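Read through the structure below, which is laid out as structure tokens, and then see the notes.
Protein chains: 4
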Amino acid sequence: MNHTYRLILDCPDRVGIVTRVGEVITSNGGWISEAAHHSDQESNWFFSRFEIQADSLPFGIDELQAKLDPLAKECSMNIRLVDNHQPKRVILMASKGSHCLSDLLDRWKSGDLHCDIPCVISNHDDMRGLVEWYGIPFHHVVIDKEDKAPGFAQVEALVDEYNADCVVLARYMQILPQALCEKYRHQVINIHHSFLPSFIGAKPYHQASRRGVKLIGATCHYVTEQLDEGPIIDQDVARVTHSDNVEDLVRLGKDVEKTVLARGLRAHLEDRILVHGNKTVVFN
Amino acid sequence: MNHTYRLILDCPDRVGIVTRVGEVITSNGGWISEAAHHSDQESNWFFSRFEIQADSLPFGIDELQAKLDPLAKECSMNIRLVDNHQPKRVILMASKGSHCLSDLLDRWKSGDLHCDIPCVISNHDDMRGLVEWYGIPFHHVVIDKEDKAPGFAQVEALVDEYNADCVVLARYMQILPQALCEKYRHQVINIHHSFLPSFIGAKPYHQASRRGVKLIGATCHYVTEQLDEGPIIDQDVARVTHSDNVEDLVRLGKDVEKTVLARGLRAHLEDRILVHGNKTVVFN
Amino acid sequence: MNHTYRLILDCPDRVGIVTRVGEVITSNGGWISEAAHHSDQESNWFFSRFEIQADSLPFGIDELQAKLDPLAKECSMNIRLVDNHQPKRVILMASKGSHCLSDLLDRWKSGDLHCDIPCVISNHDDMRGLVEWYGIPFHHVVIDKEDKAPGFAQVEALVDEYNADCVVLARYMQILPQALCEKYRHQVINIHHSFLPSFIGAKPYHQASRRGVKLIGATCHYVTEQLDEGPIIDQDVARVTHSDNVEDLVRLGKDVEKTVLARGLRAHLEDRILVHGNKTVVFN
Amino acid sequence: MNHTYRLILDCPDRVGIVTRVGEVITSNGGWISEAAHHSDQESNWFFSRFEIQADSLPFGIDELQAKLDPLAKECSMNIRLVDNHQPKRVILMASKGSHCLSDLLDRWKSGDLHCDIPCVISNHDDMRGLVEWYGIPFHHVVIDKEDKAPGFAQVEALVDEYNADCVVLARYMQILPQALCEKYRHQVINIHHSFLPSFIGAKPYHQASRRGVKLIGATCHYVTEQLDEGPIIDQDVARVTHSDNVEDLVRLGKDVEKTVLARGLRAHLEDRILVHGNKTVVFN
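Top to bottom, those sequences are chains A, B, C and D.
Just so we're aligned, residue 4 is where the first sequence starts under this note's numbering, counting upward by one.
Just so we're aligned, residue 4 is where the second sequence starts under this note's numbering, counting upward by one.
Just so we're aligned, residue 4 is where the third sequence starts under this note's numbering, counting upward by one.
Just so we're aligned, residue 4 is where the fourth sequence starts under this note's numbering, counting upward by one.
Here it is in structure tokens:
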């Protein structure tokens, strides 16, 4: 993978932002290999993402940051500068269902997901052997139905200890405590097994079957305090018919779930997502 | 089009229904060119559809009906027997938006929708010329905001007078009175511009934009007293991004709306749909 | 529609192109409302498209062009500058099949395709009434099987006379003469009824049926001297099964054809397409 | 899984086949829980598939076969009768690329693919640990570039020894010898990484990139002596753009490959596929 710095920014919209950012970069010889922009007309807000060839600059990422700071201040920009050779640290959380976990592990091993996976956390011990074959530590953290707090305290301790940048709920069948959601705002990615906002809450495939829909779907979103209401990253659907019962929906849905989750995570890892209010800008 | 009789039936499930129906048909030399069946395990209900070559039988549709009656009685069957050379009479209702109307008219003229269109009813006069070019009477029936009853009485009179088998709301922007829905139960087809049950009610594209979904959709359904709650016939979606504003969603949605409506209407015209409770069986 | 100037350019790739173009625009107060870029790594070529708010500049499009010329020369840029308030002049050509023509006319009338349609040319007279209802002149130009030259000479005269920017072959069932293709290079858009490069040549649905494919498709492309080999603008597919015969494929294919053709034409009208060799860059 | 017998048959088309087969079954109390039929009009050939509840019959599968034999003879039927509680024995063959193999193993373990996997054969040793974690024997069979015969002899010996019903080429990067293809006719399933018949042969993603297509695809088919020409079971596509280089196509294609292969294999395992000439009937 080419060594680049990724510059992600958003700010109130005004004339010439891209050009002025571009001047800072190119006046120092920086080669912009990718750039994407979006103006939200309703909120009059501007979003931008650049990839800059690291070796085209005569200095490192800290000096680039320093050179951008005055402009950022002047334009009230939120700015993020990321070295793509510093892989994000992603903790996967799963339960008994293995399709998303197994899919992500294979993508990671084959190099299609550029990140570190410091550990997998599960409330069941079933997948330990598979995870360890990939050389990844596996933590079995029981969530006691009667008192979930100790289990989640252990989860939080692990996330802190491993210094995770991102937590992926790969069909983790527990609702994270609100405090954890707030602490890791826009860092926790979930896959919900319906095309939100349809079928919020429990057993969406049962709801879908009852309503008699002809499409089922899955939604990848950031977790917020409001269950199933977080900013949507990606969605997709699969066609079903009257002959598909709930078990069929569950099975057909798995393909959509794992594909959409992997797409959403990839966009997150490549710093292509900006959250604005309860919506996302996702640059291709 | 090959001349066939279509036999559509549903009844409590039990052993041997298909075979016994088949015996009635084939013992009289009837050639079954298409057959499809479905058992709903939850309700223990059985659904079936046959197409029988008309000229393979030594008698007409009435005698076939008479020969099936005893079995239907014995098995508590709901039975429908349809001559495919008797095109259904379909009234199209539209407002100013022309995409669904124009699409259905072209499909009809090119022979892809086998039906008669005795008239088009609209609450605006804009599309008169186009409709009349197709040789179809056009009725401009104003629905007065202050008092909608007279307008809808006129609509009902037209539907009765033209002896319609089916009414298609091709983006007709008025809500039909409850009495009309009940009178023409499972004969009125609507296209709703969202993937129901998401975004029920008014302005679904505005709702979709606010929620930040990454797919928009459309749903073809039978109209019932409960607005947007009728049995779903077909659905589809289109991909959207952060850069699509409400106007873009409206435009992109049109393609989905017209395609899904045409597919649903076609299934209805070919007697492929059975309604059971609030769900449909749609035989391909 | 917002008044903008569209700047479309391509050139050998080098550091700082976007920034230098941006400087010309923003140093004169120009507001860039959209920008997209692409670097082709194989050919080391750069592509870019800007939309600039017309009223943010203190001068018109000619002076903008003049200000850009030195940079264009220095960087060996191909440059196109387009006023979006000058609708392109698009001639539609059709035969008996009406689905694409009817679809484009409805989109045009409802304002979803921003262009002028100075005339429709057909080798059959069937659609005259519909076209004229839209207020568009209709020319019936017979192409004689024995001697096609006079017919095509008449077509060419019409295209010249109407000063067309673009010709759309909306299922026009004749092969344009090579000289015409060369004269209107990258201005003639065709819809081919297969997912090219499968099923090049005649009767692609028959070929598809023989091969037993499970998807059929359509391809929108610029017409070149090599039949069905021109640069692809857009493609899509529909699912089919063993139960679909050739007539079904033809019918199901129509939906794909008209949707893909409309999408491709829209991209062309919005100057989103750059041709490079035999491939296209299509900016969203 | 419900215990059923699957009856799959094809024969010259004539009146009353389904009814007569149904009589044999239902006159013995047999409960038909699924039935699907297809008449191919071109070849005048009939195809049918029944699922019969095993415990509704007073006898076993052999006696059912005996009772069907006279009818089969009379109608020149090809007949297959399968006990769904006898899982097929499926050997997976893979190379270094793990996405299809890993996907199939997870589906198998989670119970979504009802079969036995007696072993995995690979020309590389990389995936041994993963396969063995699933409790499946792994055979590393080197295919020597200079002399492939000994390797393939070993493959054949393994397939024979394990008494396989089906071999799945899960991105196995070797071309099977013609003799093997003939020996296991319609039992070897391959996934080709293009939407056949486009891009036959080597490096289809490179071919796709050169042609500038806007969709890439994958095709699941039975292997025959003619490379990439076997009967197509299933296909699907994914959208790509000018910004996707060959590496991107390879990555995006993996999702399509593994999904289509799993769908095709599932149809095979459920005896839903009948091959007729070079085409398939696939009953849903």
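Here a beta-carbon is modelled for each residue, glycine too, at the ideal position from N, C-alpha and C.
Since the structure is predicted, the reported quantities are computational estimates derived from the model, not experimental observations.
Which residue comes first and which comes last in the alpha helix (DSSP H) that contains D13 (chain C)? First-last for D13 (chain C): 7-15, but that is the beta strand (DSSP E), not the alpha helix (DSSP H).
Can you tell me which residues form a DSSP beta bridge with C223 (chain A)? A:I194, A:D237
Need the endpoints of the alpha helix (DSSP H) that Q68 (chain A) sits in, please. 64-77
Is it the case that the stretch 269-287 of chain D contacts the stretch 244-255 of chain C, given that we only count it when at least three CB pairs across the two stretches are under 8 Å? yes
Judging by CA-CA distance, which residue of D:D65, D:V253, D:N166, D:E228 is the nearest neighbour of K206 (chain D)? D:V253
With which residues is I276 (chain B) paired in a DSSP beta bridge? B:V285
At the 9 Å Cβ level, is H209 (chain B) part of the contact set with chain A, yes or no? no
Taking C-beta to C-beta, are S42 (chain C) and Q56 (chain C) nearer than 9 Å? no
Residues of chain C with a CB under 7 Å from the CB of D237 (chain D): which are they? K217
With DSSP run on the structure shown, which of helix, strand or coil describes C118 (chain C)? strand
Counting only Cβ pairs nearer than 9 Å, list the residues of chain B close to F198 (chain A). F198, S201, V216, L218, G220, V240
Of the choices C:C184, C:H117, C:E26, C:G138, whose alpha-carbon is the least far from that of L230 (chain C)? C:C184
Where do the ends of the beta strand (DSSP E) carrying L95 (chain B) lie? 91-97
With C-beta atoms as the reference, is R52 (chain B) less than 9 Å away from L108 (chain B)? no
Is there a Cβ of chain C sitting closer than 9 Å to that of S42 (chain A), yes or no? yes
Count the other C-beta atoms from every protein chain shown that fall within 10 angstroms of the C-beta of D65 (chain A), then say buried if there are 16 or more, exposed otherwise. exposed
Quick one: which chain D residues come within Cβ less than 8 Å of D115 (chain A)? R254, K257
Euclidean distance between Cα positions of V85 (chain A) and S197 (chain C): 44 Å
Can you give the Cα-Cα distance for K70 (chain B) and C14 (chain D), rounded to whole angstroms? 29 Å
Taking Cβ-Cβ distances shorter than 9 Å, what residues in chain D pair up with P234 (chain C)? G215
Using a Cβ cut-off of 7 Å, pull out every chain B residue sitting near L133 (chain C), in sequence order please. W136
Report the rounded CA-to-CA distance for L116 (chain D) versus R269 (chain D), giving the unit in angstroms. 6 Å
Residue burial classification, P234 (chain A) (beta-carbon count within 10 angstroms, cutoff 16): buried
Less than 9 Å between CB atoms is the rule here; does D106 (chain A) satisfy it with respect to chain D? yes
Residue range of the unbroken alpha helix (DSSP H) whose run includes H88 (chain C): Taken as a continuous stretch (DSSP letters only), H88 (chain C) belongs to no alpha helix (DSSP H), as it is neither H nor E.
Pick from A:H271, A:G256, A:E250: whose alpha carbon is nearest that of Q44 (chain B)? A:E250
Contact list for A38 (chain A) against chain C, beta-carbon separation under 8 Å: V21, A38, H40
Start and end residues, beta strand (DSSP E) containing R174 (chain C): Counting along the chain, R174 (chain C) falls outside any beta strand (DSSP E), and DSSP gives it neither H nor E.
Considering only the alpha carbon of each residue, which of D:A221, D:K76, D:I276 lies closest to E260 (chain D)? D:A221
Does E164 (chain D) pass the burial test, meaning 16 or more other C-beta atoms within 10 Å, or should it be called exposed? exposed
Which residues of chain A have a Cβ atom closer than 8 Å to the Cβ of S246 (chain B), listed in chain order? H41
Is the closest heavy atom of the ligand SAH to the C-beta of D16 (chain A) under 8 Å? Ligands displayed in this structure: none; no statement on the ligand SAH is therefore possible.
Say whether chain C places a C-beta atom closer than 9 Å to the C-beta of K261 (chain D). no
In chain order, what residues of the same chain lie with their CB nearer than 8 Å to the CB of V24 (chain B), ignoring the 5 residues before and after it? L10, L12, S51, F53, L71, L74
According to DSSP, simplified to helix, strand and coil, what is D109 (chain D)? helix
For A97 (chain B) and R275 (chain B), the rounded distance between their alpha carbons: 25 Å
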